[in-house]
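**Student:** If you count by the working numbering, then the sequence shown holds residues 24 to 474, one letter each, in order. Even glycine gets a Cβ: it sits at the ideal position worked out from N, Cα and C. Supplied in structure tokens, the structure appears directly below.
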Amino acid sequence: MPIRFPESFVFGASTAAYQIEGAAQTDGRGEGIWDRYSHTPGKIHQGDTGDIACDHYHRFEEDLDLAQAASMTAYRFSINWARVLPDGVGRVNEAGLAFYDRLVDACIARGLEPWVCFYHWDYSQVLQDQGGWANRASVDWFLELVQLVTNHLKDRVTDWCLFNEPTIFTSLGYLLGQHAPGLKDPAAYGAAVHHVSLATADGVRLVRRLAPGAKVGTVLSINGVQPASTSPEDMAASALADAIMNRAFLDPIFKGTYPDEIGAMVTPFIRDGDMDRLKADLDFLGINHYTRSKIAAKPASVSADGATAGGGMGFVPPPAGTPVTLMGWEIRPEGIYEVIARVYEQYAALPIYITENGGAFPDEMTATGDVLDHDRIGLLTGYLSQIARAIDDGYDVRGYLVWSLLDNFEWGHGYSKRFGLVHVDYESQKRTPKASYQWYRQLAQSRTIAN
């Protein structure tokens, strides 16, 4: 039997400002932490930067044409903080706001619902120099960004996401030192988690006040975490990993508490009244899901230099023969069903959108100029089939935004990992739809996966 999605189900794509926009010093844009970090020798694969990326700043019309031609009906993008507030707060860069005006208008003209994410990792460097998310003032700094952007776009935008993957940018940026700003500081990490949690809840309330009728949510990375064995040490390490990777923001958003495993890092930064502010009344939750991790107390393989910084936990690579992506991530479609069920059973029965899912593959171009990424089609088929299963079982999953529309700057991996439905030649900026693009277009048109 073919697998069919409801008529109301949304098919679209997600992107992020720093990963695709380029134009890093154009039209008054300020410096962000990923500008500084990527220009620091040794931080990014082959010294790549997002200075040009996909040049989406100048080519967004072409890119949105591709989304429209694939029969997508939603496009999620993020705001580059330093593009609209070059000094982090205060002075507004009207040229930066005008870019997002053009982007939103171009989406609407193509039948694409614009989904605006206020923060996808590109913090203002000016504010980072004052401590970034480790500074309690960061809550108010972020709310200034939210107020500016909401007031400017609320006449055309109804779908808002506060953050993208706060577990990732807090842990990799402040605890493990693998992403900008590159800190390995448990205290800074604890402060960042608390301040981002406050900013999430306060941000939801602010958008709802400024734009009545808007749909306001946030986007969390939720992946499977499994102990490598049943030993008490591995079980404890796995619980810590799950706290850092999943529960650090699920718990405050839905329960108004923090996981016990990270409590000692967060508690010093909690002030009177804070815990009453933590719960966020979301209209929807965006879930980004890619894989699962097996965790050991003493890792069989240390995939990052921060294995001990997280308290002695380490990632155990999948066994030989396990299907994996080019990132080394296990391909396990049933995992997406499991995280949807987990949110419903442990947290809240609210509307869910899958706001990122996909995989990196070699994506080599043939002599005839084709990219036959059948591995990606297989991955997408598997995960989307499990999403359809979740819908059939009564979970309110309303849409799927693939990661990503375009190949792009994959953070520490630079341009060496391709996730897009559309191939980008970074030298010429030529866009070439891959086989997966054609597959996704057929899915969006027919709402059906042939079984």
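#1: Here's the rule I'm using: 16 or more other beta-carbon atoms within 10 Å means buried, otherwise exposed. How should serine 439 be labelled?
#2: Would serine 161 and leucine 108 qualify as a contact pair, given that the criterion is a beta-carbon distance under 8 Å?
#3: Exposed or buried, what is isoleucine 26 when buried is set at 16 or more other beta-carbons lying within 10 Å of its beta-carbon?
#4: Is the region 227-237 touching the region 460-467, taking contact as three or more C-beta pairs under 8 Å?
#5: Taking the C-alpha atoms as reference points, what is the distance between glycine 73 and glycine 53?
#6: Once you ignore the five residues that flank isoleucine 414 on each side, which residues in its own chain have a CB closer than 6 Å to its CB?
#7: Could you tell me if glycine 35 is buried or exposed, where buried requires 16 or more neighbouring beta carbons within 10 angstroms of its beta carbon?
#8: Is the beta carbon of threonine 314 less than 8 Å from the beta carbon of glycine 279?
#9: Can you give the beta carbon distance from isoleucine 67 to glycine 437, rounded, assuming they're within the 8 Å contact cut?
#10: Which one of Leu349, His79, Trp57 and Arg106 has the shortest CA to CA distance from leucine 428?
#11: Can you find the residues in the same chain that come closer than 7 Å, C-beta to C-beta, to alanine 327, ignoring five residues on each side of it along the sequence?
#12: Between glycine 55 and tryptophan 164, what straight-line distance do the alpha-carbon atoms span, to the nearest angstrom?
#13: Taking the alpha-carbon of glycine 286 as reference, which of Ala214, Ile245, Asp393 and Asn246 has the nearest alpha-carbon?
#14: Quick check on lysine 457: buried or exposed, where buried means 16 or more other Cβ atoms within 10 Å of its Cβ?
#15: Please work out which residues of its chain come closer than 6 Å, Cβ to Cβ, to aspartate 306, disregarding the five sequence neighbours upstream and downstream, and give them in chain order.
#16: Smallest Cα separation from glycine 401: which of Thr181, Glu379 and Arg355?
#17: Quick check on this structure: which residue in Ala157, Thr49 and Gly205 has the alpha carbon closest to the alpha carbon of leucine 288?
#18: Pairing CB atoms from the region 268-282 with CB atoms from the region 335-349, are three or more of them under 8 Å?
#19: For the candidate residues Leu263, Gly344, Glu379 and Trp352, whose alpha-carbon lies nearest to that of leucine 308?
#20: Pull up the distance between the alpha-carbon of isoleucine 472 and that of glycine 155, whole angstroms please.
#21: Can you look up phenylalanine 277 in the DSSP assignment and give me helix, strand or coil?
#22: DSSP three-state label for phenylalanine 307, please.
#23: By the 10 Å Cβ neighbour count, where 16 or more other Cβ atoms means buried, how is aspartate 225 classified, buried or exposed?
#24: Going by the CB atoms, is the gap between tyrosine 418 and leucine 407 shorter than 8 Å?
#25: How many angstroms separate the CA atom of leucine 349 from the CA atom of glycine 443?
#26: Can you have a look at glutamate 117 and say buried or exposed, based on whether 16 or more other CB atoms are within 10 angstroms of its CB?
#27: Output the distance between the C-alpha atoms of alanine 76 and serine 261, rounded to the nearest integer angstrom.
#28: Ordered along the chain, which non-local residues of its own chain (more than five positions away) have a Cβ less than 6 Å from that of arginine 106?
#29: Who does histidine 202 pair with in a DSSP beta bridge?
#30: How should isoleucine 131 be labelled, buried or exposed, when 16 other C-beta atoms within 10 angstroms of its C-beta is the threshold for buried?
#31: Compare the C-alpha of aspartate 274 against each of Ala343, Leu243, Ser37 and Phe28 and name the closest.
#32: Per DSSP, what kind of secondary structure is glycine 240 in: helix, strand or coil?
#33: Once the 5 residues before and after lysine 321 are set aside, which same chain residues still bring their CB inside 8 Å of it?
#34: Leaving out the 5 sequence neighbours to the left and right, which residues in its chain are closer than 6 Å to glutamine 151 when beta-carbon positions are compared?
#35: For glutamate 44, which residues in the same chain have their Cβ closer than 7 Å to its Cβ, ignoring the five residues on either side in sequence?
#36: State yes or no: is the C-beta of glycine 381 within less than 8 Å of the C-beta of tryptophan 426?
**Tutor:** On the basis of the data shown:
#1: Label assigned to serine 439: exposed.
#2: No, the Cβ-Cβ distance between serine 161 and leucine 108 is not below 8 Å.
#3: Within 10 angstroms of the beta-carbon of isoleucine 26 lie 16 or more other beta-carbons, which makes it buried.
#4: Inter-segment contact for the region 227-237 and the region 460-467 is absent: fewer than three beta-carbon pairs are separated by less than 8 Å.
#5: Approximately 14 Å between the Cα atoms of the pair.
#6: Val420.
#7: Buried.
#8: A distance of 8 Å or more separates the beta carbons of threonine 314 and glycine 279.
#9: With 8 Å as the limit, isoleucine 67 and glycine 437 qualify as a contact, their Cβ atoms being about 5 Å apart.
#10: Measuring from the Cα of leucine 428, the nearest candidate turns out to be His79.
#11: Residue confidence is low: alanine 327 scores 43 on pLDDT, short of 50, so the model does not pin down where it sits. No coordinate-derived value is stated.
#12: A straight-line Cα-Cα distance of about 14 Å links glycine 55 and tryptophan 164.
#13: Glycine 286 has its Cα closest to that of Ala214, out of Ala214, Ile245, Asp393 and Asn246.
#14: Buried is the call here.
#15: Excluding sequence neighbours, aspartate 306 sits near Lys238, Val239 and Gly240.
#16: Among Thr181, Glu379 and Arg355, the Cα nearest to that of glycine 401 belongs to Arg355.
#17: With the sequence shown as reference, residue 288 is identified as methionine, and leucine is not the correct amino acid for it. The candidate whose alpha carbon is nearest that of methionine 288 is Ala157.
#18: Not touching, per the Cβ criterion.
#19: The residue with the shortest Cα to Cα distance from leucine 308 is Glu379.
#20: Answer to the nearest angstrom: the Cα atoms are 45 Å apart.
#21: In the three-state DSSP reduction, phenylalanine 277 falls in the helix class (H, G or I).
#22: Phenylalanine 307 falls in the strand class under three-state DSSP.
#23: Buried: at least 16 other Cβ atoms inside 10 Å.
#24: Not a contact, by the Cβ cut-off of 8 Å.
#25: Cα to Cα, the separation comes out at about 13 Å.
#26: Exposure of glutamate 117 is indicated by the presence of fewer than 16 other C-beta atoms within 10 angstroms of its C-beta.
#27: Taking C-alpha positions only, alanine 76 is separated from serine 261 by approximately 36 Å.
#28: Excluding positions up to five away in sequence, the list reads Arg52 and Gly119.
#29: Beta-bridge pairing links histidine 202 to no other residue.
#30: Exposed: under 16 other Cβ atoms inside 10 Å.
#31: Ranking Ala343, Leu243, Ser37 and Phe28 by Cα distance to aspartate 274 puts Leu243 first.
#32: Correct three-state label for glycine 240: strand.
#33: Excluding residues within five positions, the ones whose Cβ falls inside 8 Å are Glu256, Gly335 and Gly337.
#34: For glutamine 151, same chain residues with a beta-carbon under 6 Å away, outside a window of 5 residues either side, are Ile56 and Pro204 in chain order.
#35: Excluding residues up to 5 positions away in sequence, Ala76, His79, Tyr80 and Asn103 lie with their Cβ nearer than 7 Å to the Cβ of glutamate 44 in the same chain.
#36: A contact, by the Cβ cut-off of 8 Å.
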